[in-house]
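One line per chain: the protein sequences are C and W, in this order.
Numbering of the first sequence is given in my numbering, commencing with residue 1 and proceeding in unit increments.
Numbering of the second sequence is given in my numbering, commencing with residue 1 and proceeding in unit increments.
Quick notes on the structure that follows.
Protein chains: 2
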Amino acid sequence: MSTVLGLGPQEVGEVVSGLRPGAEDPLEAFARGVWSGLAEPGDGVAGAFVASFGAAEALRILQDGAPPSPRPELAEGFERWRPRLDADVARRAFRNATRLGVRLLLPGDAAWPSGVDDLGVHAPLALWCLGEEAAVMRLSRSIALVGARAATGYGEQVAADAAAGLCDRGFAILSGGAYGIDGTAHRSALASGGTTVAVLAGGLDRFYPSGHAQLLQRIAVEGAVLAELPCGFAPTRWRFLQRNRLIAAASRATVVLEAGARSGSLNTAGHAAALGRPLGAVPGSVYSGTSAGCHRLLREYDAVCVRDAADMAELAVGPDPAMTLDGLEPPGDPTERRVHDALSSRTRTVAEVARRAGLAVAETIGALGILALDGRAVETAEGGWRRAP
Amino acid sequence: MSTVLGLGPQEVGEVVSGLRPGAEDPLEAFARGVWSGLAEPGDGVAGAFVASFGAAEALRILQDGAPPSPRPELAEGFERWRPRLDADVARRAFRNATRLGVRLLLPGDAAWPSGVDDLGVHAPLALWCLGEEAAVMRLSRSIALVGARAATGYGEQVAADAAAGLCDRGFAILSGGAYGIDGTAHRSALASGGTTVAVLAGGLDRFYPSGHAQLLQRIAVEGAVLAELPCGFAPTRWRFLQRNRLIAAASRATVVLEAGARSGSLNTAGHAAALGRPLGAVPGSVYSGTSAGCHRLLREYDAVCVRDAADMAELAVGPDPAMTLDGLEPPGDPTERRVHDALSSRTRTVAEVARRAGLAVAETIGALGILALDGRAVETAEGGWRRAP
Numbered sequence: 001m002s003t004v005l006g007l008g009p010q011e012v013g014e015v016v017s018g019l020r021p022g023a024e025d026p027l028e029a030f031a032r033g034v035w036s037g038l039a040e041p042g043d044g045v046a047g048a049f050v051a052s053f054g055a056a057e058a059l060r061i062l063q064d065g066a067p068p069s070p071r072p073e074l075a076e077g078f079e080r081w082r083p084r085l086d087a088d089v090a091r092r093a094f095r096n097a098t099r100l101g102v103r104l105l106l107p108g109d110a111a112w113p114s115g116v117d118d119l120g121v122h123a124p125l126a127l128w129c130l131g132e133e134a135a136v137m138r139l140s141r142s143i144a145l146v147g148a149r150a151a152t153g154y155g156e157q158v159a160a161d162a163a164a165g166l167c168d169r170g171f172a173i174l175s176g177g178a179y180g181i182d183g184t185a186h187r188s189a190l191a192s193g194g195t196t197v198a199v200l201a202g203g204l205d206r207f208y209p210s211g212h213a214q215l216l217q218r219i220a221v222e223g224a225v226l227a228e229l230p231c232g233f234a235p236t237r238w239r240f241l242q243r244n245r246l247i248a249a250a251s252r253a254t255v256v257l258e259a260g261a262r263s264g265s266l267n268t269a270g271h272a273a274a275l276g277r278p279l280g281a282v283p284g285s286v287y288s289g290t291s292a293g294c295h296r297l298l299r300e301y302d303a304v305c306v307r308d309a310a311d312m313a314e315l316a317v318g319p320d321p322a323m324t325l326d327g328l329e330p331p332g333d334p335t336e337r338r339v340h341d342a343l344s345s346r347t348r349t350v351a352e353v354a355r356r357a358g359l360a361v362a363e364t365i366g367a368l369g370i371l372a373l374d375g376r377a378v379e380t381a382e383g384g385w386r387r388a389p
Numbered sequence: 001m002s003t004v005l006g007l008g009p010q011e012v013g014e015v016v017s018g019l020r021p022g023a024e025d026p027l028e029a030f031a032r033g034v035w036s037g038l039a040e041p042g043d044g045v046a047g048a049f050v051a052s053f054g055a056a057e058a059l060r061i062l063q064d065g066a067p068p069s070p071r072p073e074l075a076e077g078f079e080r081w082r083p084r085l086d087a088d089v090a091r092r093a094f095r096n097a098t099r100l101g102v103r104l105l106l107p108g109d110a111a112w113p114s115g116v117d118d119l120g121v122h123a124p125l126a127l128w129c130l131g132e133e134a135a136v137m138r139l140s141r142s143i144a145l146v147g148a149r150a151a152t153g154y155g156e157q158v159a160a161d162a163a164a165g166l167c168d169r170g171f172a173i174l175s176g177g178a179y180g181i182d183g184t185a186h187r188s189a190l191a192s193g194g195t196t197v198a199v200l201a202g203g204l205d206r207f208y209p210s211g212h213a214q215l216l217q218r219i220a221v222e223g224a225v226l227a228e229l230p231c232g233f234a235p236t237r238w239r240f241l242q243r244n245r246l247i248a249a250a251s252r253a254t255v256v257l258e259a260g261a262r263s264g265s266l267n268t269a270g271h272a273a274a275l276g277r278p279l280g281a282v283p284g285s286v287y288s289g290t291s292a293g294c295h296r297l298l299r300e301y302d303a304v305c306v307r308d309a310a311d312m313a314e315l316a317v318g319p320d321p322a323m324t325l326d327g328l329e330p331p332g333d334p335t336e337r338r339v340h341d342a343l344s345s346r347t348r349t350v351a352e353v354a355r356r357a358g359l360a361v362a363e364t365i366g367a368l369g370i371l372a373l374d375g376r377a378v379e380t381a382e383g384g385w386r387r388a389p
């Protein structure tokens, strides 16, 4: 085996050992980690190239300089990736990750969130994970709760109630660690003793937003914090948008709790819709700007109107068979209702009741019998009927 | 021509003349008016019987006592209707109607709201109308605004804004004259100089609810008040439910603005859905009991989430082609966005910008050119680039 990025086999083994203890094929793991910093998240050309050749071999081809086929998109890819080929950056990323206790997750790992594989060539090449791999495994039964940074008290109340109720029902809560809805959902999940996972847009060595450093630290201890980019990589707008695709793909369903008409959480919702994942939106006042995005999702994206944790659980796993959706028709038999309407607190004859109800006498007598059994009508001594008091 | 309900042809002509001045076939009009009190609203057996024989002939057969065919439902119908055959009740109903200035509308009249014909045999046999027939004609471009009697300030604000906005767009407002949402919608329509029509569950001689007598009087002067039942007939629960079918059928679309989980306005919504009429629901707080019914409609009845008059107009007549639904994706080209992200307030070389953006140099230069044209990037004297201030 030749060197990769100037590192020989032994050095690669050392660099990877802390991030994937005991795992096979450290070179491939190292190369995938490097690729996660060479290609921007969601780079489908990189995804296809790595899928074709393997990460290590693809990296070697990139280093050698000539694309293996004359496809123009690959040549453009080489132009994008080559300026980032930097052994120092890679070494530093791995060293910092090791120092922080980060694990490097690869497709096929037990903890790999298999939902992201639905992204195809746009799937992440690797995921950097700080925290409990067990929490990441629970993403197979997770719901993404996302929403406005500038949440209102209403949105935060809904987020807190929803996260707690979903944790009670055995769901993990996935979100983006942002201020507002995201943070409230994470906090409520932690407070409920549930599982919560945050996905960041930059590397794990710099928690963003900085005001949530302590919260993210807690999530990393009790749940997990994931990143697609290596340590040393800052979040950018592009990376936030691509991070959103991971939140949509890794969870079973995405719920937008509160969002302005152009909120970033609508981007997460768009990814969920594109992936065919269930998408829910919490309604709110039509006068609230922070519900405008939710209402757009209900109108334009066929999002399901979800009111509480029960609705969100149903969104993710289908209706609870114990729950019945009782009808819009007022309860009871229409004939009985008409006969009951025709009764008064004063006694009326059966003929009078029948006339008032617009029913035949025989029908009226039948309905009066049932109403009497229900305690809603009383037969009087003189043979008439009145409404039960 | 023999007598009907003891009235000879001349007396029938006199009884009907004030209600349908100059109209042909007063006997048929009289008989339809009588039938509207013999059969409870929505009685399909009566509808089919009158459709088969004409109202006058059907009335004569009923008087004579023997159903014309051995169908059991008709025999049961005869048992329902015969106890109500009362010349005094009919004469009084017509006399009171004449005294109040009521018109009797029949199917085929110019002012007949043709939407109700979609109810088939359950269509009303006649409609009693107090007010402007021109207002009734505008029901072909009306929207039903219905909702909770116990409306909140939020619901009333939405109702007032919606009714005013719809009147501005040339829609008439149809509702049930009840307290809460109904009354607010009517009032706002009147205040906007728009057209509004109320449908009552009982006869027009007794406005219900009595606290809305003055409002209904104003509606009768500036718009119209309709009833399926003749004067002298009280509203009953059954009649309220059947009144709701008329509101759904006579309008182009039904919108529920605020409703408890078991509100009567959900019954109107159910009729609209059954008729295939567009159905809208206004969202609200998930913690508000008076929005629970609206949220049920969104979840269980595929109601459209409507936020304002524009949405309701679109619900009724389709989208305004001038309106575009711009996307959930953030605006702008993704490459430009990535290049812009990679700029800083300090000068960077093109190569540096390309590396940060994860793009090829050629792509980066192209995007920088466009950003410069948009005034979002600035080429510096030393040949580098920085973000526009």
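Every residue, glycine too, gets a C-beta built ideally from N, C-alpha and C.
Here the structure is a predicted model, which means the values were calculated and not measured.
Against chain C, does W/Ser285 count as a neighbour if the rule is that its beta carbon must be under 8 angstroms from one of theirs? yes
For C/Arg386, the residue or residues it bridges with in DSSP: C/Val378
Could you list the residues in the segment 238-249 of chain W with a C-beta less than 9 angstroms from some C-beta on chain C, going in chain order? Trp238, Arg239, Leu241
Would you identify the three-state DSSP class for C/Gly232, choosing helix, strand or coil? coil
Going by C-alpha to C-alpha distance, which of C/Pro68, C/Arg376, C/Gly318, C/Ala31 sits closest to C/His340? Answer by Cα proximity: C/Arg376.
Assumed close pair W/Gly147, W/Gly155 - CB separation to whole angstroms, cut-off 8 angstroms: 6 angstroms
Can you give me the C-alpha to C-alpha distance between W/Gly293 and C/Ala23, rounded to a whole angstrom? 56 angstroms
Can you pull the DSSP bridge partners for C/Cys129? Per DSSP, the beta-bridge partners of C/Cys129 are C/Arg103, C/Leu226.
Measure from the C-beta of W/Glu329 to each C-beta in chain C and report whether the shortest distance is under 8 angstroms. Its pLDDT being 44, under 50, W/Glu329 is placed unreliably in this model, and the coordinates cannot settle the point.
Per-residue burial, W/Glu73 [other beta carbons within 10 Å of its own, 16 or more giving buried]: exposed
What is the DSSP secondary structure of W/Ser175, counted as helix, strand or coil? strand
What residues in the segment 204-231 of chain W bring their beta carbon closer than 7 angstroms to a beta carbon of chain D? Absent from the structure is chain D; the protein chains it does hold are C and W.
Residue-level contact to chain W via CB, C/Thr324, 8 angstroms cutoff: Model confidence at C/Thr324 stands at a pLDDT of 39, short of 50, so the residue's coordinates are unreliable; what they give is reported in the following sentence. Taking 8 angstroms as the threshold, the shortest C-beta distance from C/Thr324 to chain W does not fall below it.
W/Val306 - containing alpha helix (DSSP H), residue span: No alpha helix (DSSP H) contains W/Val306, which DSSP labels as neither H nor E.
Run through chain C and tell me which residues come within less than 7 angstroms of W/Ala360, C-beta to C-beta. Within chain C, the residues near W/Ala360 are Glu76, Glu79, Arg80.
Cβ-based neighbour list, C/Thr195, same chain, cut-off 6 angstroms, excluding 5 preceding and 5 following: Ala135, Arg138, Ala172, Gly223
Excluding the 5 residues preceding and the 5 following C/Thr335 in the sequence, name in chain order all residues of the same chain whose CB lies nearer than 7 angstroms to its CB. Counting only Cβ-Cβ distances below 7 angstroms, and skipping sequence neighbours, we find Leu359, Glu363, Ala367.
Which of helix, strand or coil DSSP assigns to C/Ala362: helix
Alpha-carbon to alpha-carbon, C/Leu62 and C/Pro83: 11 angstroms
Selection from C/Ala111, C/Gly6, C/Pro235 that minimises the alpha carbon distance to C/Leu59: Comparing Cα positions, the closest option is C/Gly6.
Rounding to the nearest angstrom, what Cα-Cα distance links C/Ala39 and C/Trp81 in this structure? 6 angstroms
What's the gap between the Cα of C/Pro177 and the Cα of C/Ala46? Correcting the residue identity first, residue 177 of chain C is Gly in this sequence and not Pro. The alpha-carbon atoms of C/Gly177 and C/Ala46 are separated by roughly 27 angstroms.
Residue environment, W/Gly8, which counts as buried when at least 16 other CB atoms sit within 10 Å: exposed
Beta-carbon of W/Thr236 versus every beta-carbon of chain C: anything under 8 angstroms? Interface flag for W/Thr236 against chain C is set, since a Cβ pair is found closer than 8 angstroms.
Contact with chain W by C/Ala404, beta-carbon distance below 8 angstroms: It is not possible to answer for residue 404 of chain C, since the shown part of chain C is limited to 1 through 389.
Measuring alpha carbon to alpha carbon, tell me which residue in W/Ala126, W/Val16, W/Arg169, W/Leu119 is nearest W/Gly276. W/Leu119
Counting only C-beta atoms, is W/Glu156 closer than 8 angstroms to chain C at any point? no
Please identify, using Cβ separations under 7 angstroms, the residues of the segment 7-40 of chain W that lie next to chain C, in order along the chain. Ala39, Glu40
Under a CB-based cut-off of 8 angstroms, is W/Pro83 close to chain C? Using beta-carbon distances, W/Pro83 counts as an interface residue toward chain C, with a partner under 8 angstroms.
If I measure Cβ to Cβ from C/Glu379 and keep anything under 7 angstroms in the same chain, skipping five residues before and after, which residues do I get? Ala372, Trp385
Just mark C/Ala66 as buried or exposed, buried being the case when its beta carbon has 16 or more other beta carbons within 10 Å. exposed
Using alpha carbons as the reference points, say which of C/Gly180, C/Gly131, C/Gly77 lies closest to C/Gly101. Comparing Cα-Cα distances from C/Gly101 to each of C/Gly180, C/Gly131, C/Gly77, the minimum goes to C/Gly131.
Measuring alpha carbon to alpha carbon, tell me which residue in C/Ala160, C/Thr268, C/Leu106 is nearest C/Ile181. Among C/Ala160, C/Thr268, C/Leu106, the Cα nearest to that of C/Ile181 belongs to C/Ala160.
Count the other C-beta atoms from every protein chain shown that fall within 10 angstroms of the C-beta of C/Pro278, then say buried if there are 16 or more, exposed otherwise. Classification of C/Pro278: buried, given that the 10 Å Cβ count is 16 or more.
Kindly identify the DSSP beta-bridge partner or partners of W/Ile143. W/Ile173, W/Ala253
Which residue's Cα is closest to the Cα of C/Arg262: C/Ala274, C/Ala248, C/Arg20, C/His295? Residue C/His295 is the option with its Cα nearest to C/Arg262.
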